[in-house]
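**Student:** The listed protein sequences derive, respectively, from chains A and B. Read left to right, the first sequence gives residues 1 to 548 (the numbering used here). Read left to right, the second sequence gives residues 549 to 1096 (the numbering used here). All residues carry an ideal CB built from backbone N, CA and C; glycine is no exception. Here the structure is a predicted model, which is why all the values come from computation and not from measurement. Quick one: the structure is below, questions incoming.
2 protein chains.
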Amino acid sequence: MPLGQFLFEYLYRCGVRHSFGVPGDFVLPTFAWLEKSKIQSVTMTHEPGAGFAADAYSRINGIGLVCVTYCVGGLNVLNAIAGAYAEKSPVVVVSGAPGRKDREKDPLLHHKVKTFETQRRVYDEVTVATTVLLDEQRAASEIVRCVEACVRHKRPVYIEVPHDMVDREIPTTIVATGVAEESDPHTFKAALDETLALIRAARKPVILAGVELARYRTAGLVVRMAERMNIPIAADLLSKSAIPENHRLYIGVYGGAMSSDEYVRKYVESADLVLMLGTFITDMSMGFYTAKLDRRRTVLATTERVSVQYHRYESILFRDFLFALASAKIPPKPFKHPNPHAVPIPLRKSERRDRLMIADVFRIVSLHLDERCCVVADVGDAIFGAVGIRSARQAQFIAPAYYMSMGFAVPASIGVAMAAKKLRPYVLVGDGAFQMTGVEISTIVRLGLNPIILILNNDGYGTMRKISNGSFNVITRWNYGKICELVGGGKTATVSTKGELDNALSRARNAREVHVIEIKIPRNNVSVQLARIGREVAKIRGWKKGSV
Amino acid sequence: MPLGQFLFEYLYRCGVRHSFGVPGDFVLPTFAWLEKSKIQSVTMTHEPGAGFAADAYSRINGIGLVCVTYCVGGLNVLNAIAGAYAEKSPVVVVSGAPGRKDREKDPLLHHKVKTFETQRRVYDEVTVATTVLLDEQRAASEIVRCVEACVRHKRPVYIEVPHDMVDREIPTTIVATGVAEESDPHTFKAALDETLALIRAARKPVILAGVELARYRTAGLVVRMAERMNIPIAADLLSKSAIPENHRLYIGVYGGAMSSDEYVRKYVESADLVLMLGTFITDMSMGFYTAKLDRRRTVLATTERVSVQYHRYESILFRDFLFALASAKIPPKPFKHPNPHAVPIPLRKSERRDRLMIADVFRIVSLHLDERCCVVADVGDAIFGAVGIRSARQAQFIAPAYYMSMGFAVPASIGVAMAAKKLRPYVLVGDGAFQMTGVEISTIVRLGLNPIILILNNDGYGTMRKISNGSFNVITRWNYGKICELVGGGKTATVSTKGELDNALSRARNAREVHVIEIKIPRNNVSVQLARIGREVAKIRGWKKGSV
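Below is the structure:
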């Protein structure tokens, strides 16, 4: 079978249905195979957008693909792939490259930087596996090795395809597959027994559901466990929506000063046992170190290890551990949710003409969300404020909540829409981030997608202005609505009162095309979360000068 | 002196007057020092644009600066810096980073990928020197070491500034400087004697002036030598305009099938001695291997070595060698330029209503150029066709003529304008490349710059369509003129006849603001150069399937 055919047939078999990329001469023969395959290829306007789209797609679909040319494409998508590594998103990067024959005399070929190894070496720093397909005999097993690593680790891998290799016939009969891993039974039992004893003894336990539950599709096990034991569940910034937010045991997003509300914050910090399941402990999810979680009362189980209080167990499979917890017989705890199925306060007629503050935006958006929506938040107050979004229905949430790369949301909404046609993206993006990658609305229009794009316009880099002000935080004032005229599609609105936003959202919901809503926010108005973080971090003096 | 103060004072002393970047939390304290310095900081909309602007600035100014935050900024500007490496442009990359204290326990800090070393290791692949300023004692000498390497090699360097280091006092008295290099006198004499003997014996020598003449400011020596010996000079795609194009000995751009015209191609290929001075021999500058240059009749002198026919000399300083050549006494050759000061054919009244073909665009632009203009060409037919641009006056030319990264030109025009206020950029950019980075017109408007941006709209990835067609070459049809309304400034025009383009250029020349001229080109019309390359490469069958 030709290499190109095998590559895309195998990726299709692994679940890839769409590819995001930009063509270029070294990758054209690979694109020709992609076009012949059952995978739909989406040409984006710029590689950074292709990376973000593939990342978001992978989070929802379980695996995704970005296809680019050598260096001018591959290095241009690197930042997005680094973000996918940091936040555990399984993206396969396929890059075209100079031919095997081209490499013989080490000439200066266009797109080359130092050596023909440059791009692969760069990708070694942001992936869990890389390969350059220079050998027909090993090509198929190398592809399988990389894609298996991608799926196992939920992190990006890099496959470099020299343009003179992709049409070659390769043997595909003998294909190595990784051995199935197993938990060490004694270690497993010790960790489980200790954890169960702690749960049994706890009067006020809480589950902090982490992002790995979403990536490894294991949230269901945790919900089952929580229901059997009647333990409330909180999420963190990165795992928001991994547990259905309308579940009767769900209490909100915990993150120290960045928590969604005071109830969840107090509950988690006063719990006598915090079960962190699949959690990344990052400065962001811990509210810039304002979180108060004592190791003495925590169990942290991830795909890498199980840590109980001050000691750790290795060689335990995450899924096995969760399955055992979900099956354990422990009497239900006395927890009673004071306000299950929390609904944001409906908009009163008397306030419709009030000027919009940023907190209102999140509240009004919450009122419009249902299970067919996916909120996609960009960096800055779009993400800090989105912590507080709470819908009566089960809406999805995606954001670069740890790596925090600006410009994520608009292109990511394309990945979301392609991965799940029934989900409508609600994009929350600051004006600065929109200027970075907002022209991907061009791709949205061509594909006939219909996200609702909410530009939070506070006239510049608002979050940075709060930390350190200077002329460097000034950006050009755009007429954001004109983006639709530029790219030839979509509807726009500009709103500055609560009623206008509510009306614009209603119109957008009932329409079939992309809507761009510019929301004018007072220049110095910030979300409750950002304001609280600012205050509390200022108190922890000298902790981190020059950062939030 | 505080580290931040030293850093920017030293860069200022080395010639940096402007910085291009995007702020972010880890780099904010560094931006605060930048703001206090004499260097003007320019916030771009997106890091790729900042990289291209700094690259173009460095080519004209001799050194440039890009200032970004950790990973989400640094990795996002990587492709542009890789291009600067490939084409020898001296850019200093200053990146903010997590603090020295933050690194102690290796926590998950936002913007981190694998380890705190990730970004530096990535930059090792695209720079000639890197440093992380974690030690007050060595900070100043590390800065000096990197900047000296940048200036010596005319290639990028990377300086990582942890946010908790930039305000610290550092010792600046003892600062190491690199030792001055010298040529080895015996090797030097042997190489020079052999070269001079070849020149003396040649009846029809030609100089192929390379890009290093521009980078090392040594074009004047070569012109002096050419004048004394009456030897004609050709440039290549990357060095175009290094030698004033209205010089009486200048004969055009040589590049095999991609030469500016048949005269220069035939002259170079029939010469009995080709003096390649400061030349990069790349697939692009050699017209995809259609160039016919026999090593038996070449001397290649660069900053790395002197190669005479089939042997090479090391340890020779490029400048010394050029100086000796320029001072040598050799009787003038009998060359007579058949058409010095070549002027493109003026536009006749009878043809003003003719539909524009792409070749006409380059001819009409040529008629408008003078010594206050700098043509900035993007990738695709913008660059292939621009080979043929020839003005009666001395216009500058800048393009990513080897690395070939799409999206270079619009942001690069900002670097050009900041580096030389008297130069007006004429940007030639395809529709695909414009969609990548064209929104940097936002920055152009805010800075009050006035480039003339010519969008060559042939409805998609035209160059790639010629190689391998498929749905992946389709891009969205934009109303390009609307970009001015989006970003709030500039004038637009759409043209499709020769007269309309001529009029639009005249209006733009007389105006003080940015002009965006959309040029509608028939979908399958390509430049003479691209057509010729296509034909000749097709003849060299099997040479490089799937590439141009």
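Kindly indicate which three-state DSSP category B/GLY800 falls into: helix, strand or coil?
**Tutor:** Residue state, collapsed to three classes: strand.
**Student:** Is it the case that the segment 68 to 77 of chain A contacts the segment 132 to 145 of chain A, given that we only count it when at least three CB pairs across the two stretches are under 8 Å?
**Tutor:** Result no; under three Cβ-Cβ pairs closer than 8 Å.
**Student:** I'd like the span of the alpha helix (DSSP H) that includes A/TYR267, first residue to last.
**Tutor:** 262 to 270 is the span of the alpha helix (DSSP H), which, as asked, contains A/TYR267.
**Student:** Step through the CB atoms of chain B and report whether any lies within less than 8 Å of the CB of A/SER405.
**Tutor:** By this cut-off, A/SER405 is an interface position.
**Student:** Which whole-angstrom value is the C-beta distance of A/VAL16 and A/GLY64, which I expect to be below 8 Å?
**Tutor:** About 7 Å separates the two Cβ atoms, so the contact holds.
**Student:** Between the alpha carbons of A/GLY542 and B/GLN944, how many angstroms are there, rounded?
**Tutor:** With a pLDDT of only 47 at A/GLY542, under 50, the local geometry of the prediction cannot be trusted, and no value is derived from it.
**Student:** Going by the beta-carbon positions, is the gap between A/ASP370 and A/ARG393 smaller than 8 Å?
**Tutor:** In contact: A/ASP370 and A/ARG393 (Cβ atoms closer than 8 Å).
**Student:** Quick one: residues in its chain with C-beta nearer than 6 Å to the C-beta of B/ARG651, no 5 flanking neighbours on either side, listed in chain order?
**Tutor:** Cβ neighbours of B/ARG651 beyond the five flanking positions: PHE664.
**Student:** Consult DSSP for A/PRO162 and reduce its assignment to one of helix, strand or coil.
**Tutor:** Three-state result, A/PRO162: strand.
**Student:** Would you kindly report the start and end of the unbroken alpha helix (DSSP H) that includes B/ILE629?
**Tutor:** Counting along the chain, the alpha helix (DSSP H) containing B/ILE629 begins and ends at 626 to 634.
**Student:** For A/THR302, which beta-bridge partners are listed by DSSP?
**Tutor:** A/THR302 is not bridged to any residue.
**Student:** Quick one: does B/THR591 have its CB under 8 Å from some CB of chain A?
**Tutor:** Closer than 8 Å to some Cβ of chain A, the Cβ of B/THR591 qualifies, so yes.
**Student:** Using the beta-carbon count (16 or more within 10 Å), is A/VAL548 buried or exposed?
**Tutor:** With a pLDDT of only 35 at A/VAL548, under 50, the local geometry of the prediction cannot be trusted, and the value read off the model is given with reservation. By the neighbour-count rule (16 or more Cβ atoms within 10 Å), A/VAL548 is buried.
**Student:** Grouping DSSP H, G and I as helix and E and B as strand, with all else coil, what is B/SER589?
**Tutor:** Of the three classes helix, strand and coil, the one that applies to B/SER589 here is strand, per DSSP.
**Student:** Straight-line CA distance for A/VAL128 to A/ILE81?
**Tutor:** Approximately 11 Å, taken between the alpha carbons.
**Student:** In whole angstroms, what separates the C-alpha of A/ALA412 from that of B/ASN1017?
**Tutor:** For A/ALA412 and B/ASN1017, the distance between alpha carbons rounds to 27 Å.
**Student:** For A/MET284, go through chain B and note every residue whose CB falls closer than 8 Å to its CB, in chain order.
**Tutor:** Under the 8 Å cutoff, chain B gives HIS658.
**Student:** Quick one: grab the DSSP three-state call for B/GLU535.
**Tutor:** Here chain B covers residues 549 to 1096 and nothing more, so residue 535 of chain B does not appear.
**Student:** Using Cβ-Cβ distances below 7 Å, what residues of the segment 800 to 811 of chain B are close to chain A?
**Tutor:** Answer set for the segment 800 to 811 of chain B: empty.
**Student:** Please confirm whether A/LYS292 and A/GLY256 have their CB atoms less than 8 Å apart.
**Tutor:** Going by C-beta atoms, A/LYS292 is nearer than 8 Å to A/GLY256.
**Student:** Give the residues of chain A in contact with B/GLU673, contact being defined as C-beta atoms less than 8 Å apart.
**Tutor:** Under the 8 Å cutoff, chain A gives VAL113, LYS114, THR118, ARG121 and VAL122.
**Student:** For B/ILE587 and B/HIS594, I'd like the C-alpha separation in whole angstroms.
**Tutor:** When rounded, the distance between both Cα atoms is 20 Å.
**Student:** Tell me the rounded alpha-carbon separation between A/ASN524 and A/MET464.
**Tutor:** Using only the alpha carbons, I get a separation of about 11 Å.
**Student:** Go ahead and label A/GLY546 buried or exposed: buried means 16 or more other beta carbons lie within 10 angstroms of its beta carbon, across all protein chains shown.
**Tutor:** Since pLDDT at A/GLY546 reaches only 39, below the 50 mark, its modelled position is unreliable, and no value is offered.
**Student:** For A/LEU486, which residues in chain B fall below 7 Å Cβ to Cβ?
**Tutor:** Correct list: TRP1026, ASN1027, LYS1030, ILE1031 and LEU1034.
**Student:** Taking only the alpha-carbon atoms, compute the straight-line gap between A/ASN473 and A/GLU518 and give it to the nearest angstrom.
**Tutor:** A/ASN473 and A/GLU518: Cα-Cα distance of roughly 20 Å.
**Student:** Shortest alpha-carbon distance to B/THR846 belongs to which of B/LEU769, B/GLU817, B/ARG763 and B/TYR811?
**Tutor:** Considering only alpha carbons, the answer is B/GLU817.
**Student:** Taking all protein chains shown into account, decide if B/PRO710 is buried (16 or more other Cβ within 10 angstroms of its Cβ) or exposed.
**Tutor:** When all chains shown are included, B/PRO710 counts as buried.
**Student:** Between which two residues does the beta strand (DSSP E) containing B/ARG860 stretch?
**Tutor:** Counting along the chain, the beta strand (DSSP E) containing B/ARG860 begins and ends at 859 to 861.
**Student:** Residues in its own chain within less than 7 Å of B/LYS1092 by CB, not counting five upstream and five downstream?
**Tutor:** Note that B/LYS1092 has pLDDT 45, beneath the 50 cutoff, so the model's placement of it is unreliable and no number is given.
**Student:** Identify the continuous beta strand (DSSP E) that holds A/ASN61 and give its terminal residues.
**Tutor:** Looking at the DSSP string, A/ASN61 is not in any beta strand (DSSP E); the run it does join, the alpha helix (DSSP H), is 47 to 61.
**Student:** When every heavy atom of the ligand FAD is checked, does at least one fall within less than 7 Å of the C-beta of A/ASP164?
**Tutor:** The ligand FAD is absent from the structure shown, which contains no ligands of any kind.
**Student:** Check the Cβ of B/GLU583 against every Cβ in chain A and list those closer than 8 Å, keeping chain order.
**Tutor:** Neighbours of B/GLU583 on chain A, chain order: GLY470, SER471 and PHE472.
**Student:** Which residue wins for smallest C-alpha separation from B/ARG561, given the options B/SER585, B/GLU862, B/PHE568 and B/GLY569?
**Tutor:** Residue B/SER585 is the option with its Cα nearest to B/ARG561.
**Student:** Taking the straight line between their C-alpha atoms, what separation do you get for A/LYS114 and A/THR30?
**Tutor:** Taking the straight line joining both Cα atoms gives about 24 Å.
**Student:** Indicate whether A/ASP378 and A/PHE335 have their beta-carbon atoms separated by less than 8 Å.
**Tutor:** No.
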